[in-house]
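Asks: The following block contains the structure, expressed as structure tokens.
Numbering (my numbering), first residue to last: 4 to 104.
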């Protein structure tokens with residue numbers, strides 16, 4: 004996966020199918036940002052807490068789609084989760100991902 008798609012989400016990945024098959028959507032914005040608007044059913048884990056929650060996400064045994072405001076933080080979260088063994092994908096911005104699923 005290229006740097007840009009890693010940072011801002013892949014255009015070719017079928018996020019809708021991933022979600023239908025049980026993938027978790029993890030919004031890595033702050034709690035305040037999440038409260039102001041988010042994808043229904045998504046989980047809020049701010050980026051600074053991702054490493055601490057990686058084991059919990061790994062134990063769920065489901066793919067994780069990360070999202071944020073622009074795609075930059077979600078790209079970092081994807082990388083951290085992949086390093087921890089989680090099957091993670093960068094969904095990019097939450098409002099764009101919402102349209103894809």
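Yeah, the Cβ is synthetic: ideal placement off N, Cα and C, and Gly gets one too.
In the DSSP assignment, find the unbroken beta strand (DSSP E) run with residue 67 in it and report its ends.
Replies: Taking the chain shown and counting its residues from 1, one reaches residue 67 at position 64. Residues 67–71.
Asks: To which residues of the same chain is residue 3 closer than 6 Å at the C-beta, ignoring the five residues directly before and after it?
Replies: Lying outside 4 to 104, the shown extent of the chain, residue 3 is not represented and no answer is given.
Asks: For residue 50, which three-state DSSP category applies?
Replies: Walking along the chain shown from the start, residue 50 turns up at place 47. Of the three classes helix, strand and coil, the one that applies to residue 50 here is helix, per DSSP.
Asks: Within 10 angstroms of the Cβ of residue 94, are there 16 or more other Cβ atoms? Answer buried if so, exposed if not.
Replies: By 1-based counting over the chain shown, the position of residue 94 is 91. Buried: at least 16 other Cβ atoms inside 10 Å.
Asks: Any idea what DSSP makes of residue 15, helix, strand or coil?
Replies: Here residue 15 refers to the residue found at position 12 of the chain shown. Note: residue 15 maps to coil in three-state DSSP.
Asks: Could you check if residue 57 is buried or exposed, using at least 16 other CB atoms within 10 Å of its CB as the buried criterion?
Replies: Taking the first residue of the chain shown as 1, we reach residue 57 at position 54. Under this definition residue 57 is a buried residue.
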